[in-house]
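Enquirer:
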Amino acid sequence: MPALSQRTNALGTENAFVVLAEVNALQRQGKDIVSFCIGQPDFPTPANIQDAAIAAVRGGKHGYTPSAGIAELREAAARYLGNMRGLNIAPDDVVIGAGAKPFIAYMILCCTDHGAGDEVIYPVPGFPIYESQIRAHGAVPVPIYLREQRNFAFDPDELAQKITPKTKLLILNSPQNPTGGILTRQNMEDIASILRKHPQVWVYADDIYCRLVYDGKFVSIAELPDMYERTVISDGASKTWAMTGWRLGFAANKALAPHFVRWVTNTDSCASQISQWAAVEAINGTQQHAEAMRESFLARRNLIVGLLNQVPGVSCKTPGGAFYAWPNVTEACRMIGAKDSEQFRARLLNEAGVAVLADIHFGARVPDEGQHVRFSYAASNEAIVKGVERMTDFIKKNSK
Ligand SMILES: Cc1ncc(COP(=O)(O)O)c(C=O)c1O
-18 MPALSQRTNA LGTENAFVVL AEVNALQRQG KDIVSFCIGQ PDFPTPANIQ
32 DAAIAAVRGG KHGYTPSAGI AELREAAARY LGNMRGLNIA PDDVVIGAGA
82 KPFIAYMILC CTDHGAGDEV IYPVPGFPIY ESQIRAHGAV PVPIYLREQR
132 NFAFDPDELA QKITPKTKLL ILNSPQNPTG GILTRQNMED IASILRKHPQ
182 VWVYADDIYC RLVYDGKFVS IAELPDMYER TVISDGASKT WAMTGWRLGF
232 AANKALAPHF VRWVTNTDSC ASQISQWAAV EAINGTQQHA EAMRESFLAR
282 RNLIVGLLNQ VPGVSCKTPG GAFYAWPNVT EACRMIGAKD SEQFRARLLN
332 EAGVAVLADI HFGARVPDEG QHVRFSYAAS NEAIVKGVER MTDFIKKNSK
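Here my numbering is used: the first residue of the sequence shown is -18, the next is one more, and so on.
(1) Helix, strand or coil for Tyr87? Go by DSSP, reduced to three states.
(2) Leaving aside the five residues before and after Ala383 along the sequence, list all residues of the same chain whose C-beta is less than 8 Å from its C-beta, in chain order.
(3) What are the partner residues of Gly302, as DSSP defines its beta bridges?
(4) Per DSSP, which one or two residues make a beta bridge with Arg128?
(5) Is it the case that the CB of Ile453 approaches a heavy atom of ligand 1 more closely than 7 Å?
(6) Pairing CB atoms from the stretch 157 to 173 with CB atoms from the stretch 214 to 230, are three or more of them under 8 Å?
(7) Asp187: beta carbon under 7 Å from a heavy atom of ligand 1?
(8) Can you check which of these residues, Ile189, Lys82 and Pro122, is closest to Phe199 by C-alpha distance?
(9) Please report the Cβ distance between Leu140 and Val105, rounded to the nearest whole angstrom; I am assuming they are in contact, meaning their Cβ atoms lie under 8 Å.
(10) Comparing C-alpha positions only, which one of Met65, Gly(-7), Tyr45 and Arg326 sits nearest to Arg192?
(11) Start and end of the beta strand (DSSP E) containing Val216?
(12) Using 10 angstroms around the beta-carbon of Thr46, count the other beta-carbons present and answer buried if the total reaches 16, otherwise exposed.
(13) Can we count Asn234 as close to ligand 1, meaning its CB is less than 7 Å from some heavy atom?
(14) Have a look at Leu288, Ala236, Thr(-11) and Arg243 and flag the residue whose alpha-carbon is nearest the alpha-carbon of Ile115.
(15) Nearest by alpha-carbon distance to Gln157: which of Phe343, Asp374, Glu276 and Thr373 is it?
(16) My understanding is that Pro159 touches Gly(-7), with C-beta atoms under 8 Å, so please give their C-beta distance in whole angstroms.
(17) Since Glu350 is in the beta strand (DSSP E), which residue starts that stretch and which ends it?
(18) Could you check if Ala81 belongs to the surroundings of ligand 1, using beta carbon to heavy atom distance under 7 Å?
(19) Using a 10 Å radius around the Cβ and a threshold of 16 neighbouring Cβ atoms, would you call His43 buried or exposed?
(20) Tell me which residues share the same chain as Asn(-4) and place their Cβ nearer than 6 Å to its Cβ, disregarding the 5 neighbours each side in the sequence.
(21) Just to confirm the assignment, what range does the beta strand (DSSP E) spanning Glu100 have?
(22) For the alpha helix (DSSP H) that contains Gly67, what are its first and last residues?
(23) May I ask you to list the residues that DSSP assigns as paired with Ala233?
(24) Asp99 and Lys178: beta carbons closer than 8 Å?
(25) Contact defined as beta carbons within less than 8 Å: I believe Ala49 pairs with Ile19. What is the distance between those atoms, to the nearest angstrom?
(26) Alpha carbon to alpha carbon, how far is Lys220 from Asp207?
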């Protein structure tokens, strides 16, 4: 076979899909698996949004659109993003994409050069696509560690130390995947005051979980003085309106919008027009379904955190947002003789039929932070009760 490029060899993946394949194989063998692997709402897309998509198809709205997106959606998204953050965002600052995910690549491509030693600081544990895209585009990944002691924020002094003249981009994600942690206003202010000393650094605010905040109010770095100018706000329809498969995201920044548009023209041409009309309804229509989903996730969060904290050898902080719990299983690993969270995860799946992801699926394990696994609690109450019960029995039975 002719050789592959270094870029392709550097490309990572979402290991969630690897675990998912293991789960599917076990299910095909007839095994009963309770799965907490998938990071997507387990609700149907609300009916008013489905109806808007059907009307778009029937109304002949299924051709290409401008790469930036239809004007109706850019306007709706500008108002929506601006209102949540107290900002005045112009429709021209907004670009529509095929999900929020492509903007991670566009952002890195817009502000780093391949092989030039440009550095990107990103959270670990974190969404694995950050590191994968940084490496694939020939930039230098610089992890910043989220700490359990800090409710999964990072130490601002660590950020200050990690910024160099080569730092081009800081990626922030709050509420966060995989810890469910949120950055507080104080955290954001600390970050902003460091950034003000480094005008060369762009910020990518991955706000995809911004409507799933349970404790306090959502804060975006973009709303702090001088920050929007250098910040790309990234959000989308996937998590808020249960629309992961519709592939619809939006990003806002005045300076970068025209460049993102060229990237969209060069890659997807445009997001699906049908999904764009659905998203107009998602934003402008009733929010009662989105609110009901949030309430349901909050109740499940309380259920799973309460249950996990009763499991021998497990302790779980209460996550402030998203739909993930990130219990510390260091002691449980010791009790059952598992060498680390990955061995714990594999045994939990094969011996107890409970599927979770391990911390190493979200970047190299953070020094001195112990062992963690991720539960996505976008699952029914019955599944949560059954899954945690199985985990308890598994640890009790195997304790040495
Ligand atoms: C932190 C984070 N950012 C972005 C995305 C991608 O979202 P989308 O479906 O809009 O591409 C996800 C999806 O899991 C995520 O967890």
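Every residue gets a Cβ at the ideal spot worked out from N, C-alpha and C, and that includes glycine.
Predicted model, so just to flag it, every value in this text is computed and none were measured.
Expert: Walking through what the data contain:
(1) Counting from one through the sequence shown, the residue named residue 87 turns up at place 106. In the structure shown, Tyr87 sits in a helix (DSSP, three-state: H, G or I).
(2) The structure shown does not extend to residue 383, since the chain spans only -18 to 381, so no value can be given for it.
(3) For this step, residue 302 is matched to residue 321 along the sequence shown. Paired residues: Val194.
(4) Within the sequence shown, numbered from 1, the residue matching residue 128 stands at position 147. Answer is Ala134.
(5) In the structure displayed, the chain extends from -18 to 381; residue 453 sits before or after that span and is not available.
(6) no
(7) As a position in the sequence shown, residue 187 is number 206, starting the count at 1. Yes, the Cβ of Asp187 comes within 7 Å of a heavy atom of ligand 1.
(8) Reading the sequence shown from its first residue, position 218 is the one you call residue 199. Among Ile189, Lys82 and Pro122, the Cα nearest to that of Phe199 is on Ile189.
(9) By one-based count along the sequence shown, residue 140 stands at place 159. By one-based count along the sequence shown, residue 105 stands at place 124. Actually they are not in contact, since the Cβ atoms of Leu140 and Val105 sit about 13 Å apart, beyond 8 Å.
(10) Here the question's residue 192 lines up with position 211 in the sequence shown. Out of Met65, Gly(-7), Tyr45 and Arg326, Met65 has the C-alpha closest to the C-alpha of Arg192.
(11) As a first step, residue 216 is located in the sequence shown; it is residue number 235 there, counting from the start. Checking the displayed sequence, the identity of residue 216 turns out to be Asp instead of Val. From DSSP, the beta strand (DSSP E) with Asp216 extends over Thr212 to Gly217.
(12) Looking up residue 46 in the sequence shown gives position 65. Classification of Thr46: buried, given that the 10 Å Cβ count is 16 or more.
(13) Within the sequence shown, residue 234 is the residue found at index 253, counting from 1. Result no, Cβ not under 7 Å from ligand 1.
(14) The residue given as residue 115 occupies position 134 in the sequence shown. For Ile115, the nearest C-alpha among the options comes from Thr(-11).
(15) The residue given as residue 157 occupies position 176 in the sequence shown. With distances taken between Cα atoms, Gln157 lies closest to Phe343.
(16) Sequence index remark: in the sequence shown, residue 159 carries index 178 (1-based). Sequence index remark: in the sequence shown, residue -7 carries index 12 (1-based). Actually they do not touch by this definition, with Cβ atoms about 15 Å apart.
(17) Within the sequence shown, the letter at position 369 stands for residue 350. Unbroken run through Glu350: none, as it is neither H nor E.
(18) In the sequence shown, residue 81 corresponds to position 100, counting from 1. The answer is yes for Ala81.
(19) As a first step, residue 43 is located in the sequence shown; it is residue number 62 there, counting from the start. Flag for His43 reads exposed.
(20) Start at 1 with the first residue of the sequence shown, and residue -4 comes out as number 15. Cβ within range, chain order: His342.
(21) On the sequence shown, position 119 is the one that residue 100 refers to. It spans Glu100 to Val105 - the beta strand (DSSP E) in which Glu100 sits, taken as one unbroken run.
(22) Along the sequence shown, one-based indexing puts residue 67 at 86. Per DSSP, Gly67 belongs to no alpha helix (DSSP H) and is neither H nor E.
(23) Indexing the sequence shown from 1 puts residue 233 at position 252. For Ala233, which the question treats as bridged, DSSP gives the partners Val75 and Ile214.
(24) The residue given as residue 99 occupies position 118 in the sequence shown. The residue given as residue 178 occupies position 197 in the sequence shown. No; because the gap between Cβ atoms is not below 8 Å, this pair is not in contact.
(25) Residue 49 sits at position 68 when you count from the first residue of the sequence shown. Residue 19 sits at position 38 when you count from the first residue of the sequence shown. Not quite, the Cβ-Cβ distance comes to about 31 Å (not below 8 Å), so this is no contact.
(26) Counted from its first residue, the sequence shown places residue 220 at position 239. Counted from its first residue, the sequence shown places residue 207 at position 226. For Lys220 and Asp207, the distance between alpha carbons rounds to 28 Å.
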